[in-house]
Every structure is written in C-alpha cells, then in structure tokens.
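Here the structure is laid out as structure tokens; the discussion comes afterwards.
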Amino acid sequence: MAGVCAGSWVSLYWLTYTKNRIEHMQRIILASTSKYRRAQLEQLGIPFEAHASHVDEEALKAEELSVQDLALALARLKAEALAESFPDALLIGGDQIAEVDGEILNKPETFENACAQLKRLSGRAHHLWTAIAIHQPSTGRTEQFIEQHIMNVRPLTDGQIEYYVKHDMPLDCCGSYKIESMGISLFSSIEGKDHSAIVGVPLMQLVTTLQTFGVQWPPSV
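Numbered per this note's numbering, the sequence shown spans residues -11 to 209.
In structure tokens, the structure reads:
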C-alpha cells in the first residue's frame, strides 16, 4: 500500500509540475478565426486563443507582389494587427494562396464557383503557398516562413466534381478542396515537405519556430 501511495504522490507531483509549466508558458494568440487553423493547433494540444484580425487584404494585393511575397506580407500583417490588443503575447498570423497559370484562386464561396475552380484544376498541377508569421510585440521580433506544395489533381469528370463539392462543401477553402477529408481523393500526388501546411498551418515548422521564442512543445516533465 505504501508503494502505491508513493507512486500516486510522484504522479501527482509531476502532473502539477507540468500543469504549472504550461500555465506559465507565454500566451499564444492565433490571429485567425479559421476553424481549420484552430483545429490544427488544438491537434497539437498547445494552449492558445483565437481572435479575428481585421486587415485590408485588397490594398496589399494591389501592390502587385509575387505570390510568395504576398502570402508572407498578409501573414505578417494579420499577426501585427493584434499587437496593440495583446502586447505581451506571441501572435501567429497565416495566409494561404492557391495559384494556377499565374492567377490567384480566391475562396469560391458558392457551389458554382467551386465546381468551376475544380474543372480548371482537373488533370493538372497548381501551386499552394502557405505562409506563417510569428510576431512578438514586446520585442518587435517577427519570424516568417512559407511552404510551397505542388498539387497534382487527377482528371475528374463533371459528375465527380459536383459530387465532391456537394458532399465536402469546400466553399471557404482556396482551391476548392479539403485535403483533410474527401478532398484527398482528388489528387494523384502532392509534392512538398509538410503536408499539414495544406490545411492551413505547417505544424512542424511552427513548433520549430516557436522554440526560438522559448516555447518548448511538448513541454518536458
């Protein structure tokens, strides 16, 4: 019995110790209300809050930046927009752009637009750029990174496209697909390092970059 009690005490000690470490970890704010990005950070188990970041994306798009630079600039703008509200937090901003033939594919928003986008992508490759910015208002430091994926869509019939859009409803996804669900069936292959980026956040690089800000995840016991 004594051994059981001692073991229970040790377990309780480490649980309390780890809980305190997490509670004293720097506050993390996701500058987005995207349910997909929220789900990814929840998947990590890392404590965070999500808050909307209101920025003028169209003004930045008018500057005729390259797709990569535009995605990085938007991610940074979204993170920095919350600096005044959360001066002591780490702010994570993100942006994602799908591109084909040098043209940006916006979120379809309607069934018809989603079908039209997928018909255009059918049987060919397009680029997906996912950018993240981590901003620390207390020091003014910002770290950014971007992931590129080449998305090879298999040839699709109109009937397949309509079935997919009807059942997955990717109306709020650039490229008109949800890779984390039925959308994976639309692709013959995907080229890139971190496939979690396709959902919205490159999780491996995110954790690596957070470590440079002193956030160790998972925490040690």
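Note that the Cβ used here is the ideal one computed from N, Cα and C, for glycine as well.
Residue nearest to residue i in terms of C-alpha spacing, selected from the options
{"i": "Ile92", "options": "Leu32, Pro143, Asp83 and Gln14", "result": "Asp83"}
{"i": "Ala61", "options": "Ser73, Leu48, Leu109 and Val203", "result": "Leu48"}
{"i": "Ser107", "options": "Asp44, Asp57, Leu144 and Glu72", "result": "According to the sequence displayed, residue 107 carries Lys and not Ser. Checked all of Asp44, Asp57, Leu144 and Glu72; the closest Cα to Lys107 is Leu144."}
{"i": "Arg15", "options": "Ser22, Ala38, Gln31 and Arg25", "result": "Ala38"}
{"i": "Thr98", "options": "Gly90, Arg112, Cys162 and Arg25", "result": "Cys162"}
{"i": "Leu211", "options": "Glu45, Phe201, Asn94 and Ala63", "result": "In the structure as shown, the chain starts at -11 and stops at 209, and residue 211 therefore has no counterpart that could be examined."}
{"i": "Asp146", "options": "Phe201, Pro35, Thr200 and Leu109", "result": "Leu109"}
{"i": "Asn101", "options": "Gly90, Glu72, Arg112 and Met157", "result": "Met157"}
{"i": "Gln128", "options": "Ala50, Gly111 and Glu72", "result": "One point to set straight first is that residue 128 is Gly, not Gln, in the sequence displayed. Residue Glu72 is the option with its Cα nearest to Gly128."}
Beta-carbon proximity check, residue i vs residue j, cutoff 8 Å
{"i": "Val195", "j": "Trp205", "result": "yes"}
{"i": "Ala121", "j": "Ala185", "result": "no"}
{"i": "Ser164", "j": "Gln105", "result": "yes"}
{"i": "Ala119", "j": "Ala59", "result": "yes"}
{"i": "His123", "j": "Glu179", "result": "no"}
{"i": "Gln28", "j": "Val187", "result": "yes"}
Cutoff 8 Å; reference residue i; Cβ partners in own chain excluding five residues on either side
{"i": "Ser176", "result": "Asn140, Val141 and Arg142"}
{"i": "Asp182", "result": "Glu135, Pro190, Leu191, Met192 and Gln193"}
{"i": "Thr197", "result": "Ile120, Ile122, Glu131 and Phe133"}
{"i": "Ser169", "result": "Asp156"}
{"i": "Asn94", "result": "Cys162"}
{"i": "Thr21", "result": "Ala38, His39 and Ala40"}
{"i": "Arg26", "result": "Leu18, Ser20 and Ala38"}
Contact set for residue i: own chain, Cβ-Cβ below 6 Å, skip 5 residues either direction
{"i": "Val88", "result": "His114"}
{"i": "Leu65", "result": "Val43"}
{"i": "Thr200", "result": "none"}
{"i": "Asp24", "result": "First, the amino acid is wrong: residue 24 is Tyr here, not Asp. Val187 and Gly188."}
{"i": "Ile34", "result": "Trp205"}
{"i": "Phe36", "result": "Ile16, Leu18 and Leu29"}
Integer-rounded CB distance, given that residue j should sit under 8 Å from residue i
{"i": "Pro96", "j": "Leu53", "result": "Going by Cβ atoms, the distance from Pro96 to Leu53 rounds to 23 Å, so no, they are not a contact pair."}
{"i": "Ile167", "j": "Cys103", "result": "Incorrect: roughly 18 Å between the Cβ atoms, too far for contact."}
{"i": "Ile85", "j": "Trp117", "result": "5 Å"}
{"i": "Ser126", "j": "Pro75", "result": "6 Å"}
{"i": "Leu78", "j": "Val203", "result": "7 Å"}
Cut-off 7 Å between Cβ atoms - residues of its own chain near residue i, not counting five sequence neighbours on either side
{"i": "Glu45", "result": "Leu62"}
{"i": "Gln56", "result": "Trp117 and Ile134"}
{"i": "Arg112", "result": "Val141"}
{"i": "Met215", "result": "Residue coverage of the chain in this structure runs from -11 to 209, which leaves residue 215 outside it and unanswerable."}
Contact test: residue i Cβ vs the ligand ADP heavy atom, cutoff 7 Å
{"i": "Asp160", "result": "With respect to the ligand ADP, the structure shown offers nothing to examine, as it has no ligands at all."}
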